[in-house]
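Q: In the working numbering, the protein residues as written are 518 to 1234. Quick reminder that beta carbons are idealized off the backbone N, C-alpha and C, glycines included. I have a structure I would like to understand better, so I am pasting it below and will then ask my questions one at a time.
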Amino acid sequence: MNSKFHVIILCLITNLYVSPNFGQELEWAEIENGIWKTSVGEPEDISLLAAADVRPKVEALDKLPSAVFPFLKDKIKTKIIDGKTYLQFPLAREEQIYGLGLNFKTVHQRGRIMQLHVDHYGGRDDGRTHAPVPFYVSSKGYGVLIDAARYITVYAGTGIRVDADDKPVLRDRNTDKQWQAQPYSDAVEILVPAKGTDVYVYGGSSPMEAVQRYNLYNGGGYIPPKWGLGFTQRVPTLYSQDDIAREAQEFEDHDFPLDFIGVEPGWHSMSYPCTFEWDKKRFPDPEKFNNELLAKGIRTNLWLNPYVSPVGSLYPKLKGLSASHTVWNGIVPDLMLAETRDILKNHFIENHLSIGVSGYKIDEVDGFDFWVWPDVATFPSGYSGEQMRQVYGLLIQDMTAKWFKEKNQRTYGLVRASNAGASPLPYVIYNDYYSHKDFITALVNSSFIGVLWTPEVRASKTAEEWLRRMQSVCFSPMAMLNAWADGTKPWSFPEVESAVRDVANLRMQLLPYIYSTFSQYHFKGLPPFRAMNLVDGFSYDQKVSEGELDSTDNPYKIAVKSEIKDQYMMGDNILVAPMFVGKKERKVILPKGKWFDFYNGEFVGENQVISVTPGLEKIPLFVRDGGIVPMRPIQRQAPKIGEKVDLIIRHYGTKEGEYTLYDDDGLSFDFEKGQFSEVEIKVKKDRKGNLRGSIGTPEKGKPYGYNKKVTWEFKTK
Ligand code: GAL
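Right, here's the structure in full:
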């Protein structure tokens, strides 16, 4: 046979093999308003959304405007070769894409290759991260989710097809200065190592609307209990119940906010692997311990990893229901089995929940490869090591969340691995990495993918760094000091103690605003902490159309130039621009409309880049024109059930404004059955042009924790 013949035969064989799926006409069903789904090949019976057990919030989705399918359907191509699924989506020249996991250094993902793999973040945005969510949002206002529990590779506008519609310009490197090492690609291509997958497309008129659809389809965002939004301190590993009682007292003595305490590994009688049983020496009376703290309004959160110690009572029960491999000598419970989940539930409820434990910190479910089961591990349920790694964080979040839900009690905890579908889960992601700047970029990125992230504070080299980190953690989903290793306290640097207290108090004052912001996450799918790219009046497209960026240029260059990764919005009205150690000045990009200084109400600029020099005591905060910020007086703890507090309502700028103040009992899930209040706050101009504030009254019989008395503060003079 000559080689030409060889090639022809090969082509025929390949074609035959490929043909059943090549160019397969995809059926896109509009399963909810503006959300389309298709199944490519044979999707597996384990998936991310199934592991998260998502329940779409249909009514809320129906309230969104209708949307058009964002692609020409025949431009989406799929095939299955060698047991793997290939997906191809068009990408327009001016388009930018966001998401694709909890990234720490980059916001714009166009031009990157990501292998989405649950892992501890290792310093590179390559897809290995705590929440490698296979969801991307386009600046054009749509989103795409690949719902497969697999290590998915995404070529986010990197591969250049021979049959591309929009090919890069051919250039000669020898002579052409415009030659590019990474030429233009007009497609997002995705490799799923499985013989099929479900794919979802979320439409919208803006990137935010696509994100809202994604979050609402997953069940809407979580509203933490009010205490969860207060300050939390995690104590050193070997602290006993007496040490912790003293710690709580110290917080009182220092007049520092404290709503919950994190108990690190030392509460277990053995840890790594864990027994999930109280250590009798350090915690001789755990019930008393929890109750005494609770009497002071302080909740407890217990650290754990899922690896079960051979010396614990759970071991014999779980031995036959665990993986083929151990982690730190502990067995790995197979959470895909109902029997495993029941055994854990009985033990945890009896030993923790029933004596007042309020939540968990779920550690070590992400990896670093050595600290998780290997991919060659097998599980009795039959799912593979790879599949289990992608969903384990979701499974354990969902399982524990349900225990609390059954008690009609909200929890709020920490987790180190998550994935798609997590918005309604009561957990905030954290890690061991410690770059302050990158922590803020992670906070920005969390908003695209339906997860929460805390830039936790642990230690610092200087008082300045300490204060700067404390300032930003107070503007995040969980205001936390994690002193497990260093034994730090908020007042560890006496020279900045009062400035640290000020910012913690400011967070406590802002709880009415922050709580209302989380209600938007739940009811509207709006992330509480938002990338600038999701904000009205600021978009990548606008910068292009205003001529600030050149859209004929290579989009990768644009991506680098215009990326905004060190500032974000907290809710609708407050722009947060953290300061980093060593910096006296920083740039802040203000979206369209006028912006005002949070502290003194002064006008700072509009649709422009400003420079600010806030001094050490303050984190730069800005409020949009007409922005209303409901606050309360300084209190060390979040309001208790039934407690009524005074309102302080601030207004900024010269425009009229409106704000919906949300409230419920702060503890239970009764709000899901309508037990909540929404009260309209309005600031209008009277006939003389003076601003006047008014606030509605809550519906009778609905929980509402505010007194009638309102102090109005019109901050802009
Ligand atoms: C780490 C975790 C820390 C701390 C520590 C306790 O894995 O990230 O925050 O909990 O374990 O051993």
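Residues in the same chain with beta-carbon distance under 7 Å from serine 963, minus the five sequence neighbours each way, listed in chain order, please.
A: Leu619, Leu969, Trp970 and Phe1046
Q: May I ask you to verify whether the segment 983 to 1001 touches the segment 746 to 754, counting CB pairs closer than 8 Å and requiring at least 3?
A: As far as the Cβ criterion goes, the segment 983 to 1001 touches the segment 746 to 754, which means the pair count is three or higher.
Q: For proline 803, does the three-state DSSP call read helix, strand or coil?
A: helix
Q: Please classify isoleucine 815: does DSSP put it in a helix, a strand, or coil?
A: coil
Q: Please list the segments of the beta strand (DSSP E) lying wholly inside the segment 1109 to 1169, counting only runs of 3 or more residues, in order along the chain.
A: 1111 to 1114, 1120 to 1123, 1126 to 1129, 1138 to 1141, 1145 to 1148 and 1162 to 1168
Q: Arginine 751: beta carbon under 8 Å from a heavy atom of the ligand GAL?
A: Judged by the Cβ position, arginine 751 qualifies as a neighbour of the ligand GAL at the 8 Å threshold, a heavy atom of the ligand being closer than this.
Q: Assess contact between the segment 902 to 912 and the segment 920 to 930, defined as three or more Cβ pairs (one per stretch) separated by less than 8 Å. Is contact present?
A: no
Q: Does the ligand GAL have a heavy atom nearer than 8 Å to the CB of threonine 1177?
A: no
Q: When the Cα atoms are used, what is the spatial distance from isoleucine 593 to arginine 730?
A: Each residue's alpha carbon lies about 21 Å from the other.
Q: Indicate whether aspartate 883 and aspartate 636 have their beta-carbon atoms separated by less than 9 Å.
A: yes
Q: Checking 9 Å against the spacing of the C-beta atoms, do leucine 831 and histidine 785 come in under that value?
A: no
Q: Who pairs with threonine 675 in a beta bridge, going by DSSP?
A: Looking at the DSSP assignment, threonine 675 forms no beta bridge with any residue, so it has no partner.
Q: So what does DSSP say about valine 1017, is it helix, strand or coil?
A: helix
Q: In terms of alpha-carbon separation, which member of Lys743, Pro1011 and Met725 lies closest to aspartate 1053?
A: Met725
Q: Comparing C-alpha positions only, which one of Val1146, Ala976, Gly1218 and Arg975 sits nearest to glutamate 1197?
A: Comparing Cα-Cα distances from glutamate 1197 to each of Val1146, Ala976, Gly1218 and Arg975, the minimum goes to Val1146.
Q: With DSSP as the reference, please indicate the residues paired to valine 990 in a beta bridge.
A: The partner list for valine 990 (beta bridge, DSSP) is empty, contrary to what the question assumes.
Q: Examine the ligand HEM and report whether any of its heavy atoms sits within less than 8 Å of the Cβ of tryptophan 1001.
A: Annotation note on the ligand HEM: not contained in the displayed structure, which lists the ligand GAL as its ligands.
Q: If you draw a straight line from the C-alpha of valine 1105 to the C-alpha of proline 710, how long is it?
A: 42 Å
Q: Just to confirm the assignment: which complete beta strand (DSSP E) runs, minimum length 3, are found wholly within the segment 672 to 753?
A: Unbroken beta strand (DSSP E) stretches of 3 residues or longer found wholly inside the segment 672 to 753: 704 to 709, 713 to 719 and 748 to 751, given in chain order.
Q: Could you check what DSSP says for methionine 995 in three-state terms: helix, strand or coil?
A: DSSP, read as helix, strand or coil, puts methionine 995 in coil.
Q: Could you round the C-beta distance between proline 972 and valine 990 to whole angstroms and report it? I think they count as a contact, below 8 Å.
A: 5 Å
Q: Is phenylalanine 1188 helix, strand or coil by DSSP?
A: helix
Q: Can you give me the Cβ contacts of serine 564 inside the same chain, cut-off strictly under 7 Å, excluding the 5 residues immediately before and after it?
A: Asp664, Ala665, Ala666 and Asp715
Q: Rounded to a whole number of angstroms, what is the C-alpha to C-alpha distance between isoleucine 530 and glutamate 903?
A: Bear in mind that the predicted position of isoleucine 530 carries a pLDDT of just 44, short of 50, making it too unreliable to give a figure here.
Q: Between tryptophan 845 and the ligand GAL, is there a pair consisting of the residue's CB and a ligand heavy atom that are separated by less than 8 Å?
A: Checking every heavy atom of the ligand GAL against the Cβ of tryptophan 845, none is found closer than 8 Å.
Q: Compute the minimum distance between the beta carbon of threonine 792 and the heavy atoms of the ligand GAL, and state whether it is under 8 Å.
A: no
Q: Would you list the one or two residues that DSSP bridges to lysine 594?
A: Gln605
Q: Determine which residues share a DSSP beta bridge with tryptophan 553 and list them.
A: Glu547 and Val718
Q: Measuring only the C-alpha atoms, how far is leucine 1133 from alanine 980?
A: Near 10 Å, if we compare the C-alpha coordinates of alanine 980 and leucine 1133.
Q: Spell out the partners DSSP gives serine 871 in its beta bridges.
A: As computed with DSSP, serine 871 is found in no beta bridge at all.
Q: Would arginine 1149 pass as a contact of leucine 960 if the rule is Cβ separation under 9 Å?
A: no
Q: Is the beta carbon of isoleucine 761 closer than 9 Å to that of phenylalanine 1035?
A: No.
Q: Check threonine 1005 in the structure and name its three-state DSSP category.
A: Assigned with DSSP and collapsed to three states, threonine 1005 falls in coil, not helix or strand.
Q: Given a threshold of 16 other Cβ atoms within 10 Å of its Cβ, counted over all protein chains shown, does glutamine 1084 qualify as buried or as exposed?
A: buried
Q: Hey, could you find the ends of the beta strand (DSSP E) tryptophan 845 is sitting in?
A: Note, tryptophan 845: premise wrong, no beta strand (DSSP E); not H, not E.
Q: Identify the residues that DSSP records as bridge partners of glutamate 1175: which are they?
A: Lys1199
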